[in-house]
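Peer 1: Taking the working numbering, the leading residue of the sequence shown gets 21, the next gets one more, and so forth.
No residue lacks a Cβ here, since even glycine has one placed at the ideal position from N, Cα and C.
Remember, it's a predicted structure, so these values are computed and weren't measured experimentally.
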Amino acid sequence: MLLRTGREPLALPLPSLLDVIYAWWVEGATEKDTARFHQQLTTPPPGAELEGREEWSDKETDDSFEQALGNMRSAASAA
């Protein structure tokens, strides 16, 4: 869809960009492979304490994505 619309993937909100990456990753995969990939993404490591982790809040992930995007743009303009 992005190729058809010409939108810049890095200009998308983080949740939309992740949806695009997921769709691209599973495109053409079998149903079994897609299910296995989804399970790997959604199954936490054994013994992981994941509830209430501040670094995974929506605000924190948005901020860190914006910082990474800014770093990428700075590197690209310096090149």
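When the Cβ atoms of the segment 90-99 are set against those of the segment 39-46, are three or more pairs found closer than 8 angstroms?
Peer 2: Contact between the segment 90-99 and the segment 39-46 is absent, because fewer than three Cβ pairs lie under 8 angstroms.
Peer 1: Please work out which residues of its chain come closer than 8 angstroms, Cβ to Cβ, to Glu71, disregarding the five sequence neighbours upstream and downstream, and give them in chain order.
Peer 2: Here residue 71 corresponds to residue number 51 of the sequence shown, with the count starting at 1. Excluding sequence neighbours, Glu71 sits near nothing in its chain.
Peer 1: What distance in whole Å lies between the Cβ atoms of Glu80 and Glu74, which are believed to be in contact at a cut-off of 8 angstroms?
Peer 2: Along the sequence shown, one-based indexing puts residue 74 at 54. Along the sequence shown, one-based indexing puts residue 80 at 60. Sure, about 6 angstroms apart at Cβ, within 8 angstroms.
Peer 1: Could you check what DSSP says for Ala68 in three-state terms: helix, strand or coil?
Peer 2: Against the sequence shown, residue 68 aligns to sequence position 48. Note: Ala68 maps to coil in three-state DSSP.
Peer 1: Rounded to the nearest angstrom, what separates Pro33 and Thr62 at their Cα positions?
Peer 2: Working through the sequence shown from its first residue, we reach residue 33 at position 13. Working through the sequence shown from its first residue, we reach residue 62 at position 42. Distance between the alpha carbons of Pro33 and Thr62 is about 21 angstroms.
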